[in-house]
Amino acid sequence: MKKAKFLAAALAAACAFTFAPAFDTGIAVVDTARPAFARASAAAECNASLHALPLTTRTYYNSDWDGDFEMFRSQWTDIGFYGNAKATDRNIAKALADYSRSRSNVFGDTRKHLLSQAKTDWRERKDKGMSAAPFYGPYWFAGEIRVHRADSAAVSFLEDSSLHEGGFHSRSVIIGRNFDGRTGKELQLSDVFINKYVLAEALKTQMKADCIPERFMENDEKALEENVDRMMKDGSLIWTLGPGGVSFYFTPYMLGGTYADDAYFTTLFFTEYPDIFKKDAGGNFAWRGPQGYCLDLQPYTAVRLSAGPRKETLKVARENNRIVIEYNGKEYRNELKAAEIYPTFVRCADGRKYLYVDYEEPAGKYSAATYRLYVYDLNGASPAFIGAYPMTRLASSRKDTAVRQWYVMSDPNGFYVTPVLDNEFVPAKWLRCRVGKDGRPEVMDAEGAKG
């Protein structure tokens, strides 16, 4: 496993403005029997044979102590189906279950090793008469899963992990996982691309268009080409298969950058590089997904959203008491006291684009901690706030601090949320929603009953 350090730098303040949004308590309810909805659903996808998969991720939290001192703080995440899988989805359901069991074993070994290191470090410090906790705080491991695709053709996600073993800096480990939705087989680049040589040349071309030599390599294009060739040869490229193309991820050190540089993310779109991807017997891209999709975002990392010279990019960050959104060079700042954010890019089948952000609102003097779903419009020249809604994609109880389960949002036309506090559907267990014409979540079902 290749490890590299990286620090997510704060977004630039140029062209920024701040806005404190009013809380939108209105919940839209739609009648799914209406002819207009039926027509929209029928026209929503270009490939009617594909269907979204109802997945959840579960994050497990642990804390190991030695007396009054915390030695090791850890969390790891798995992924699987919400409810029983359809007969046609049993192969991918089994593959995800096998993956989760495997990751559980790996995490168990990692936890055992790091806890032992932390205790050794602490004993050495105590022997020297030092009374503080382990150097620079407890050791820790944090593992997240960010889903980039979840349909019947493919499931793809990033393992986004970091660990701290004392000292000044943590270490980042990013791994791409890609599965055939039909067979459950884990995909290789050779399953998607014609050959590795055309892939390498296309990736070099795109990275130069993204000005990577200027950012990381003192404008040395030869160094970039050598780096790509080396990673292609040793199999260290990090990638995910999205509905519109294949994305590649690079930590700064992989490109000759420094600790303070942002990670780099780019996408080779099917329509932009049509000759490098494998096609089916009908001449269609073998792995192209639905036109309407959702993409979990890695905070502080710019995402390339579309093909062409426009350079449509999106970056989301939590900075002190605000969320910062950078979209196509325009910046939006939204003041909120968020302990945690969970951002997802949403593209509807008709081309409309939105940002959905779950955020944890910390407890106040007279209020309990809760979640809100913030929605932003990405269809104008700059990001715009639409509303905040009393719902969350958190599927487990907020009181359960040992495990947190999240609904994966993979289809703009049907996704699950949990109502919270002043939501009119409380105490419903879940709501099934779609993205409305104005971007707001519209409720279609509540606990299985029509909304």
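In short: position in the sequence shown from 1, add 10, done, that's our numbering.
Cβ coordinates follow ideal geometry from the N, Cα and C atoms, glycine included.
Just so you know, these numbers come straight off a predicted model, no measurement behind them.
Is it right to say arginine 133 is buried, meaning 16 or more other beta carbons lie within 10 angstroms of its own, or is it exposed?
A residue is called buried when at least 16 other Cβ atoms come within 10 angstroms of its Cβ; arginine 133 does not meet this threshold and is exposed.
Let's see if you can read the secondary structure: which residues bound the alpha helix (DSSP H) around histidine 61?
Neither: histidine 61 is in no alpha helix (DSSP H) and is coded neither H nor E.
When burial is assigned at 16 or more other CB atoms within 10 Å of the CB, is cysteine 221 buried or exposed?
Cysteine 221 is exposed by the Cβ-count criterion.
DSSP three-state call for arginine 439: helix, strand or coil?
Note on residue identity: the sequence assigns lysine, not arginine, to residue 439. Assignment of lysine 439 by DSSP, reduced to helix, strand and coil, places it in the coil class.
Would you mind sorting tryptophan 75 into buried or exposed? The rule is 16 or more other CB atoms within 10 Å of its CB.
A residue is called buried once 16 or more other Cβ atoms fall within 10 Å of its Cβ, and tryptophan 75, having fewer, is exposed.
Straight-line gap, proline 429 to serine 166 (C-alpha atoms, nearest Å):
Spanning the alpha carbons of proline 429 and serine 166 requires a straight line of approximately 28 Å.
First through last residue of the alpha helix (DSSP H) which encompasses glutamine 216
Its alpha helix (DSSP H) spans residues 206 to 219.
Segment limits, alpha helix (DSSP H) that includes threonine 120:
Per DSSP, threonine 120 belongs to the alpha helix (DSSP H) from 100 to 137.
Does the contact criterion of 3 or more C-beta pairs under 8 Å hold for the region 356 to 367 versus the region 379 to 399?
Yes: at least three Cβ pairs fall under 8 Å.
State the beta-bridge partners of isoleucine 351 as determined by DSSP.
Checking the DSSP bridge columns, you'll see isoleucine 351 partnered with Tyr369.
Going straight from the alpha carbon of phenylalanine 151 to that of tyrosine 352, what length do you get?
Approximately 19 Å, taken between the alpha carbons.
Just verifying my parser: in three-state terms, what is the DSSP assignment at lysine 289?
Strand.
Quick one: using the 10 Å Cβ neighbour count with 16 as the cut-off for buried, is arginine 49 buried or exposed?
At arginine 49, the pLDDT of 35 sits below 50, so the modelled position is not reliable; the number obtained from the coordinates is stated separately. Result: exposed.
Counting along the chain, where does the beta strand (DSSP E) carrying asparagine 344 start and finish?
Where asparagine 344 is concerned, the enclosing beta strand (DSSP E) starts and stops at 340 to 345.
What are the boundary residues of the alpha helix (DSSP H) that serine 200 is part of?
Run containing serine 200: 199 to 202, per the alpha helix (DSSP H) assignment.
Spell out the partners DSSP gives proline 429 in its beta bridges.
According to DSSP, proline 429 bridges with Met401.
Distance, lysine 104 Cα to leucine 383 Cα
Linking leucine 383 to lysine 104 through their CA atoms gives a straight-line distance of about 31 Å.
Counted within 10 angstroms of its Cβ, other Cβ atoms place serine 171 as buried (16 or more) or exposed:
By the C-beta density criterion, serine 171 is buried, having at least 16 other C-beta atoms within 10 angstroms.
DSSP state of asparagine 237, grouped into three classes?
In this structure, asparagine 237 counts as helix in the three-state DSSP scheme.
Distance, Cα to Cα, glutamate 371 vs tyrosine 381?
Put simply, the backbone Cα of glutamate 371 is about 6 Å away from that of tyrosine 381.
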